[in-house]
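Trainee: The sequence shown begins at 1 in full-length UniProt numbering and counts up one residue at a time.
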Amino acid sequence: MKKESVFEVTHQSILETAKDLFLTNGYKNTSTRDIAKAANITQPALYYHFSNKEILFIEINKQIGIQLKSAIEQIHEEQDTIENQLIKCTNALLTVYHRDIFSFIHQSAAEMEQANKQQLFYILNDYYLVPLQTIFESSQEPLNSSVSSKKAAQFYLMSLSLLFSTIHQLSTEKERSAQISELMDMVLHGVLS
Numbered sequence: 001m002k003k004e005s006v007f008e009v010t011h012q013s014i015l016e017t018a019k020d021l022f023l024t025n026g027y028k029n030t031s032t033r034d035i036a037k038a039a040n041i042t043q044p045a046l047y048y049h050f051s052n053k054e055i056l057f058i059e060i061n062k063q064i065g066i067q068l069k070s071a072i073e074q075i076h077e078e079q080d081t082i083e084n085q086l087i088k089c090t091n092a093l094l095t096v097y098h099r100d101i102f103s104f105i106h107q108s109a110a111e112m113e114q115a116n117k118q119q120l121f122y123i124l125n126d127y128y129l130v131p132l133q134t135i136f137e138s139s140q141e142p143l144n145s146s147v148s149s150k151k152a153a154q155f156y157l158m159s160l161s162l163l164f165s166t167i168h169q170l171s172t173e174k175e176r177s178a179q180i181s182e183l184m185d186m187v188l189h190g191v192l193s
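Here it is as structure tokens:
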């Protein structure tokens, strides 16, 4: 195998391994030693690819963000009701994340240097919030006059924390769909009748 190919294979292995560990254990509870061991490489080899844990975490979030942004944009193009679009967005997010996205990113950022923290928030904004804002902005159903599309997108993402605590414990797709639909109804229509 060529040197470039070995580099790329190792690079991708580190990214996939680190992604699994970060999503399972969280940023704080995942060390570069854990990542190197799970990827079956040495720590110096890991640092050859990524200068530190923060840079690796940002790269993983960028890759996930690009994937989810693309999914959200495709969902937006389908011209469905806002409720159905948000249900599809929720399913796309749940296939990637094992935990509450908003809290996961904010808690991870608390451990980072300021410049890296800002990069992480740019990723959250550009790859998650802006595409979701577009869904709210183009909805046939108008938003409450006191709610901007940005606030609506933030509220939607924060509301998902209710799902993440239980969704992966549900045994059937029917239960999962029912819980997602119920939450989207509350997000869009509130809790009062």
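Yeah, the Cβ is synthetic: ideal placement off N, Cα and C, and Gly gets one too.
(1) Does the beta-carbon of residue 61 have 16 or more other beta-carbons within 10 angstroms, so that it is buried, or is it exposed?
(2) Express the C-alpha separation of residue 55 and residue 172 in angstroms, rounding to a whole number.
(3) Cβ of residue 59 within 9 Å of Cβ of residue 86?
(4) Ordered along the chain, which non-local residues of its own chain (more than five positions away) have a Cβ less than 6 Å from that of residue 117?
(5) In whole angstroms, what is the alpha-carbon distance linking residue 195 and residue 166?
(6) So, residue 184 versus residue 83, is the Cβ gap smaller than 9 Å?
(7) May I ask you to report which of helix, strand or coil DSSP gives residue 50?
(8) With a cut-off of 8 Å on the beta carbons, I'd call residue 240 and residue 39 a contact; round off their distance for me.
(9) Could you tell me the alpha carbon to alpha carbon distance between residue 74 and residue 155, rounded to whole angstroms?
(10) Put residue 166 into one of helix, strand or coil per three-state DSSP.
(11) Going by beta carbon distance, what residues of the same chain come within less than 7 Å of residue 57, once the five residues before and after it are set aside?
(12) Can you give me the start and stop residues for the alpha helix (DSSP H) that residue 154 sits inside?
(13) How would you label residue 42, buried or exposed, when you count the other beta carbons within 10 angstroms and need 16 or more for buried?
(14) For the candidate residues 81, 70, 11 and 25, whose alpha-carbon lies nearest to that of residue 50?
(15) Which class does residue 82 belong to by DSSP, given the choice of helix, strand or coil?
Mentor: By the coordinates alone:
(1) What you label residue 61 is simply residue 61 of the sequence shown in a count that begins at 1. Counting Cβ neighbours within 10 Å, residue 61 comes out buried, since at least 16 surround it.
(2) Reading the sequence shown from its first residue, position 172 is the one you call residue 172. Reading the sequence shown from its first residue, position 55 is the one you call residue 55. The alpha-carbon of residue 172 is positioned some 37 Å away from that of residue 55.
(3) Here residue 59 is taken as the residue at index 59 of the sequence shown, counted from 1. Here residue 86 is taken as the residue at index 86 of the sequence shown, counted from 1. Result no, Cβ atoms of residue 59 and residue 86 do not sit closer than 9 Å.
(4) Here residue 117 corresponds to residue number 117 of the sequence shown, with the count starting at 1. Taken in chain order, the residues that qualify are 109.
(5) The chain is shown from 1 up to 193; residue 195 falls before or after that span and cannot be answered.
(6) Position 184 of the sequence shown, counting from 1, holds the residue named residue 184. Position 83 of the sequence shown, counting from 1, holds the residue named residue 83. The beta carbons of residue 184 and residue 83 sit closer together than 9 Å.
(7) As a first step, residue 50 is located in the sequence shown; it is residue number 50 there, counting from the start. Here residue 50 sits in coil by DSSP.
(8) Past the boundaries of the shown model lies residue 240; the chain is included only from 1 to 193, so the question cannot be answered.
(9) Residue mapping note: residue 74 aligns to position 74 of the sequence shown, counting from 1. Residue mapping note: residue 155 aligns to position 155 of the sequence shown, counting from 1. When rounded, the distance between both Cα atoms is 21 Å.
(10) Sequence index remark: in the sequence shown, residue 166 carries index 166 (1-based). Residue 166 falls in the coil class under three-state DSSP.
(11) Looking up residue 57 in the sequence shown gives position 57. Answer for residue 57: 22, 27 and 108, listed in chain order.
(12) Taking the sequence shown and counting its residues from 1, the one referred to as residue 154 is at position 154. Element bounds for residue 154: 149-159.
(13) Locating residue 42 in the sequence shown gives position 42, counting from the first residue. Exposed, since its Cβ has fewer than 16 Cβ neighbours within 10 Å.
(14) As a working note, residue 50 is residue 50 in the sequence shown. Closest by alpha carbon: 11.
(15) Here residue 82 refers to the residue found at position 82 when the sequence shown is read from its first residue. Note: residue 82 maps to helix in three-state DSSP.
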